[in-house]
Amino acid sequence: MSARDAAPRVVVTGATGAVGRHVTRALARRGPVRSLVRDASKARRLELPGETVVGDYRDGPALKRALAGAEAVFVVTANPLRPQDDAQILDAARAAGVRKAVKLSWLAVADPSANDLIARWNRQSEQMLHTSGLAWTVLRMRTPMSNTLSWASSIREESVVRALDGNARTACVDPRDVAEAAVRALTEAGHEGVTYALTGPEPIGAREQTEILARVVGRPLAFEELTAEQALARWSARLPGAVAEALLEAAQRRRAGDSCEVGDDLGRLIGRPPGTFASWAADHAAAFS
Ligand SMILES: NC(=O)c1ccc[n+]([C@@H]2O[C@H](COP(=O)([O-])OP(=O)(O)OC[C@H]3O[C@@H](n4cnc5c(N)ncnc54)[C@H](OP(=O)(O)O)[C@@H]3O)[C@@H](O)[C@H]2O)c1
57 MSARDAAPRV VVTGATGAVG RHVTRALARR GPVRSLVRDA SKARRLELPG
107 ETVVGDYRDG PALKRALAGA EAVFVVTANP LRPQDDAQIL DAARAAGVRK
157 AVKLSWLAVA DPSANDLIAR WNRQSEQMLH TSGLAWTVLR MRTPMSNTLS
207 WASSIREESV VRALDGNART ACVDPRDVAE AAVRALTEAG HEGVTYALTG
257 PEPIGAREQT EILARVVGRP LAFEELTAEQ ALARWSARLP GAVAEALLEA
307 AQRRRAGDSC EVGDDLGRLI GRPPGTFASW AADHAAAFS
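The sequence shown: position 115 = 171 (my numbering), numbered continuously.
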C-alpha cells in the first residue's frame, strides 16, 4: 500500500475556525480526515474528529507531516499581516504532491472599492492560489453568522448587545453551509478554477439579529449602538491597530449598503436554500442562554 492509499484524501487547515471545524466534521462522516491545528487543547475542546497534526503555518515540518499523501487541502489563513502563511501552505502542498486547494476568502474582494488591509490581503492570497500550480477553488464568504457569538457574554450577563451600525445590513451566512460547500469543492470534480460568492438568504442588521436572539433566549435584549471610536477601541484591544482600522473601513462600506446582495452560488452548491439567521440562532441557543 502506498502512502497515498493510507492517507486521508483531504487535509483541513484552520480546523478550529468558524468554518474549518464544520469542514473537518463533515469530512470525518465520509472517511478519514487530517487537520492542522496550532492549539491542540482547542481541537480537543471542539471534539474535532480524525487525525490532528499540531503546528503553526510557520512550522514547515508540521505542514509537511500534515499534508503527506493528501490529494486536497482546505486553506484558511487569518492574519492579514502575514501574507506568507498562504504561500507556506501552498508551497508545502505542492511539495507533498497535493493536487487541489480550496481557499476560504472574503466576498469584499469582489468589490473594486474595497481597498482596506483585509481585502487587499485576501486578494493577494487568491492571486497566490491562482499561480500555485494546484487546481484551485475560491470560496468568497460574506460575514459568518457565528461572528454574533462575540455578543454571547454580554447577552448572558447583561441582556445587552453592543455593536456598531445596528441598521447596516449584511447577507450573513451560516458557516455550516459554507463548510458544506467546501466539502463539495474538496471532494467533487467540476469546481476547479471557479470562484464562488457565498452569502446567506437575506440581508439582516445587528438590531434585527438582536430581536431574533431575544426570542431565542426568551427575554428582552437591549441594543446599544457603539460609536466608530468605541468600536475601534474594542477591536484595537484584541487586534493589531492596522487590522482594527481595516474592520472600521469595512463597516463604513457595510453602512453604505455594499454587503446586502444575495447570490445564488451557495444554494446551487449545496442543493438547498442556505440557512437563515433565525435557524442558526436557534441551533446555538445554548451559547446565548
Ligand atoms: N470573520 C469574518 O467576519 C470573515 C468574513 C468573511 C470572510 N472571512 C475570511 O475568512 C478567512 C478566515 O478568517 P477568520 O478570521 O474568520 O478565521 P477563523 O474562523 O478565526 O479561523 C482561522 C483558523 O486558522 C487558524 N490559524 C490562524 N493562524 C494560524 C497559524 N499561524 N497557524 C495555524 N493555524 C492558524 C486558527 O486557529 P486558532 O483557532 O488557534 O486561532 C483558526 O483555526 C479569512 O480569509 C477572512 O478574511 C472572514
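Where a beta carbon is used, it is the ideal one built from N, C-alpha and C, also for glycine.
On the DSSP bridge assignment, give the partners of residue 192 in chain order.
-> To locate residue 192, count along the sequence shown from 1; it is residue 136. Beta-bridge pairing links residue 192 to 157.
For residue 167, which residues from the same chain have a beta carbon less than 8 Å from its beta carbon, with the 5 sequence-adjacent residues on both sides left out?
-> One-based indexing of the sequence shown puts residue 167 at position 111. These residues qualify, in order along the chain: 175, 309, 314.
For residue 57, I'd like the list of residues in its chain whose CB is within less than 6 Å of its CB, leaving aside the five on either flank, ordered along the chain.
-> Your numbering for residue 57 matches position 1 in the sequence shown. Here the model assigns residue 57 a pLDDT of 46, short of 50, so the residue's position is not dependable, and the following value carries that caveat. There are no such residues.
Return yes when at least one heavy atom of ligand 1 lies under 6 Å from the C-beta of residue 94, else no.
-> Locating residue 94 in the sequence shown gives position 38, where the first residue counts as 1. Correct: residue 94 has its Cβ closer than 6 Å to ligand 1.
Reduced DSSP category for residue 84 - H, G, I as helix; E, B as strand; rest coil | For the purposes of this step, residue 84 is taken as the residue at position 28 of the sequence shown. Of the three classes helix, strand and coil, the one that applies to residue 84 here is helix, per DSSP.
Write down the C-beta distance between residue 333 and residue 212 rounded to the nearest angstrom, noting that I regard them as a contact closer than 8 Å.
-> Translated into positions along the sequence shown, residue 333 becomes position 277. Translated into positions along the sequence shown, residue 212 becomes position 156. 19 Å between Cβ atoms; not a contact.
Name, in chain order, the residues that DSSP records as bridge partners for residue 93.
-> Along the sequence shown, read from residue 1 onward, the residue named residue 93 stands at position 37. DSSP, once it has assigned bridges, lists 110 as partnering residue 93.
Contacts around residue 303, its chain only, beta-carbon distance under 6 Å, and the 5 residues preceding and following it disregarded | Translated into the one-based positions of the sequence shown, residue 303 becomes position 247. These residues qualify, in order along the chain: 291.
With a 10 Å radius around its C-beta and 16 neighbouring C-beta atoms as the bar for buried, classify residue 135 as buried or exposed.
-> Residue numbering aside, residue 135 sits at position 79 when the sequence shown is read from its first letter. Exposed, because fewer than 16 other Cβ atoms sit within 10 Å of the Cβ of residue 135.
Same chain, Cβ closer than 7 Å to residue 342, five either side skipped, listed in chain order = Taking the first residue of the sequence shown as position 1, residue 342 is located at position 286. Result list for residue 342: empty, nothing under 7 Å.
Compare the Cα-Cα distances from residue 149 to each of 161, 113, 137 and report the closest residue.
-> Reading the sequence shown from its first residue, position 93 is the one you call residue 149. The option with the nearest alpha carbon to residue 149 is 113.
Would you call the region 154–165 and the region 200–216 in contact, with 3 or more CB pairs under 8 Å?
-> no
Under the three-state reduction of DSSP, which class applies to residue 257: helix, strand or coil?
-> Here residue 257 is taken as the residue at index 201 of the sequence shown, counted from 1. If DSSP states are grouped into helix, strand and coil, residue 257 belongs with coil.
Which residues bound the beta strand (DSSP E) around residue 328?
-> Position 272 of the sequence shown, counted from the start, is the residue given in the question as residue 328. Careful: residue 328 lies outside any beta strand (DSSP E) and carries neither H nor E.
Beta-bridge partners of residue 218, as assigned by DSSP = Against the sequence shown, residue 218 aligns to sequence position 162. Answer is 280, bridged to residue 218.
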